[in-house]
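First comes the structure, then the notes that go with it.
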Amino acid sequence: MTALPSQTVLQLQRRRRFNLKIRFPAAAAGIAICTLFTNTAAFAESKAEIDTSVAESVKQFNKLNTTHSELAKKAAGVLVFPRVTKGGAGIAGEYGEGALQVNGKTVTHYKVSSASIGLTLGVAQHSEVIMFMTQESLDKFSTSKGWSIGADTGVALVSKGAGDDYDSQTLQKAILGFVYGEKGLIADLSLEGSKVVKIEK
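Residue 1 is where the sequence shown starts when you use the numbering used here, and the numbers rise one by one after that.
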């Protein structure tokens, strides 16, 4: 068998090391995102548990700003996700379960999920509230089989301004989105790419 030239062997070794460097982080990211989405049983709650979490989350949400309860009364429907978990390494995934409320009462249960590529490492949680301020926007959401934010419709993400006030023009939009955690509203998160689907169970 003819031996390869030393230069060719060196090139092959470098190429092998380069491929390993690329594959390892990609594999780690793939495992992280697959774990998040395939093990949804770890997140899955009964409808009664979801309703309890939604009620507690709404209380927390209303404490953040007195405007929230007034907006909810004007809304045709309010979609609440008490706990949305985000995890991954480079490639991130999100998953959460919640409920759509009309006149303060739960009518349907939903789950939200999304995937994104970016500088993400570890696991984090936040809460989401989406208000449908018109009956038309609520009807379109309710009749959809898979509602995607950004693709099917836009959601005006609400964040605090000076003095904890909200932009009046933003509040006039048909669909309002709030992302919050233990310390209040989170301004640097986006709902873009999130897909909302009914929970069939």
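Even for Gly, the Cβ is constructed at its ideal location relative to N, Cα and C.
Given the structure is predicted, the values throughout are model-derived calculations rather than measurements.
Item, Value
"I need the straight-line Cα distance from S69 to M133, nearest angstrom please.", "13 Å"
"Using the beta-carbon count (16 or more within 10 Å), is G77 buried or exposed?", "buried"
"Where does A55 fall in DSSP's three states?", "helix"
"Mapping the DSSP letters down to three states, classify A72 as helix, strand or coil.", "helix"
"So for K140, helix, strand or coil by DSSP?", "helix"
"Terminal residues of the continuous beta strand (DSSP E) containing I175?", "175-181"
"To the nearest angstrom, how far is the alpha carbon of P25 from that of V102?", "In this prediction, P25 has a pLDDT of 42, which is less than 50 and means its spatial position is unreliable; nothing more can be read from the coordinates."
"Is it buried or exposed, V107, if we count other Cβ atoms within 10 angstroms and call 16 or more buried?", "exposed"
"Buried or exposed for G98, please, with buried defined as at least 16 other CB atoms from any protein chain shown within 10 angstroms of its CB.", "buried"
"Starting from V155, trace the beta strand (DSSP E) in both directions and tell me its first and last residue.", "Note, V155: premise wrong, no beta strand (DSSP E); not H, not E."
"Distance, Cα to Cα, S113 vs K63?", "26 Å"
"Assign T38 to buried or exposed, taking buried as 16 or more other Cβ atoms, counted over all protein chains shown, within 10 Å of its Cβ.", "The pLDDT assigned to T38 is 41, lower than 50, so where the model puts this residue is not dependable, and the model offers no usable value."
"Does the beta-carbon distance from K173 to A187 come in below 7 Å?", "no"
"When the distance is taken between beta carbons, is K111 closer than 7 Å to V197?", "yes"
"Is R83 near G93, with beta carbons less than 7 Å apart?", "no"
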